[in-house]
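Before any comments, here is the structure.
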Amino acid sequence: MSDESEAVTEKEAEESYFDGTDLVKEDYTITITDYKVLQPGEQGNEYGSDSVIAFWYDITVSEDATSTEYNPTMPWMMTFKAIQDNDENFINELRVSSLPDSNYLNTQLVTIRPGGTVSNAIAYKLTDSETPVTLNAVGNLFTNEQLGSHDYDIQ
């Protein structure tokens, strides 16, 4: 890797972070606008047999985005891991559940224009009803560079 590309990577890392509400990366910002636990049968979890934690968020693609096209779902999936730390033997990464808000059914995979903002939601199946859920944000799935994490109470 050249010194110039290393400098760009370091600059991007310094500017990228997750503070529990905002995930800021070079090409986009994700802002968590709400979260809640949905019990089986509740609106947003009508078909599930497990409780879920659902997050609502806005994603804004920067005016000068240089990478590929973005939709509301993939940046979240490529950046966040939801962990419920309730097992001493392994890291309990939660599985994604069904879309918790039908308002986003037709827009969850649309292409966001540079400068545009689109709302979306995502849910994860909980494995117990007490242990907080930690969202870990990584720079990318290949390096696991930590951008921040935040615990969300589920009680």
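For the sequence shown, the positions run 2 to 156 when the numbering used here is used.
Backbone N, C-alpha and C define an ideal beta-carbon position, used for all residues, glycine too.
Since the structure is predicted, the reported quantities are computational estimates derived from the model, not experimental observations.
Would residue i pass as a contact of residue j if the rule is Cβ separation under 9 Å?
{"i": "Tyr-153", "j": "Val-139", "result": "no"}
{"i": "Thr-61", "j": "Gly-116", "result": "yes"}
{"i": "Pro-76", "j": "Ile-31", "result": "yes"}
{"i": "Ile-113", "j": "Glu-70", "result": "yes"}
{"i": "Leu-24", "j": "Phe-81", "result": "yes"}
Among all the DSSP beta bridges, which residues are the ones paired with residue i?
{"i": "Val-111", "result": "Val-111 pairs with nothing; no bridge assigned."}
{"i": "Phe-56", "result": "Tyr-36, Ile-123"}
{"i": "Tyr-71", "result": "Ile-113"}
{"i": "Tyr-153", "result": "Val-134"}
{"i": "Tyr-18", "result": "Val-25"}
{"i": "Glu-94", "result": "Ile-84"}
{"i": "Gln-147", "result": "Val-139"}
Please work out which residues of its chain come closer than 7 Å, Cβ to Cβ, to residue i, disregarding the five sequence neighbours upstream and downstream, and give them in chain order.
{"i": "Leu-142", "result": "Met-79"}
{"i": "Pro-41", "result": "Gly-49, Ser-50, Asp-51, Ser-52"}
Leaving out the 5 sequence neighbours to the left and right, which residues in its chain are closer than 6 Å to residue i when beta-carbon positions are compared?
{"i": "Glu-64", "result": "Pro-115, Gly-116"}
Excluding the 5 residues preceding and the 5 following residue i in the sequence, name in chain order all residues of the same chain whose CB lies nearer than 8 Å to its CB.
{"i": "Leu-127", "result": "Val-38, Asp-51, Ser-52, Val-53, Ile-54, Gln-85, Leu-95, Val-134, Ile-155"}
{"i": "Asn-46", "result": "Leu-39, Gln-40, Ser-52, Val-53, Ala-55, Ser-98, Ser-99, Pro-101, Ala-124"}
{"i": "Gly-109", "result": "A small fix is needed here, since residue 109 is Gln in this sequence, not Gly. Asn-72, Pro-73, Thr-74, Leu-100, Asn-121, listed in sequence order."}
Measuring straight from C-alpha to C-alpha, what distance separates residue i and residue j?
{"i": "Thr-118", "j": "Tyr-58", "result": "10 Å"}
{"i": "Pro-73", "j": "Ser-120", "result": "7 Å"}
{"i": "Thr-67", "j": "Asp-88", "result": "40 Å"}
{"i": "Asn-104", "j": "Glu-131", "result": "29 Å"}
{"i": "Asp-20", "j": "Leu-148", "result": "8 Å"}
{"i": "Val-111", "j": "Tyr-29", "result": "15 Å"}
{"i": "Phe-56", "j": "Asn-137", "result": "14 Å"}
{"i": "Ala-83", "j": "Glu-16", "result": "23 Å"}
{"i": "Tyr-18", "j": "Thr-144", "result": "15 Å"}
{"i": "Asp-129", "j": "Asn-93", "result": "11 Å"}
{"i": "Ala-106", "j": "Tyr-36", "result": "The residue asked about is misnamed: residue 106 is Leu in this sequence, not Ala. The straight-line gap from Cα to Cα measures roughly 18 Å."}
{"i": "Gln-44", "j": "Ser-98", "result": "14 Å"}
{"i": "Ser-150", "j": "Thr-22", "result": "10 Å"}
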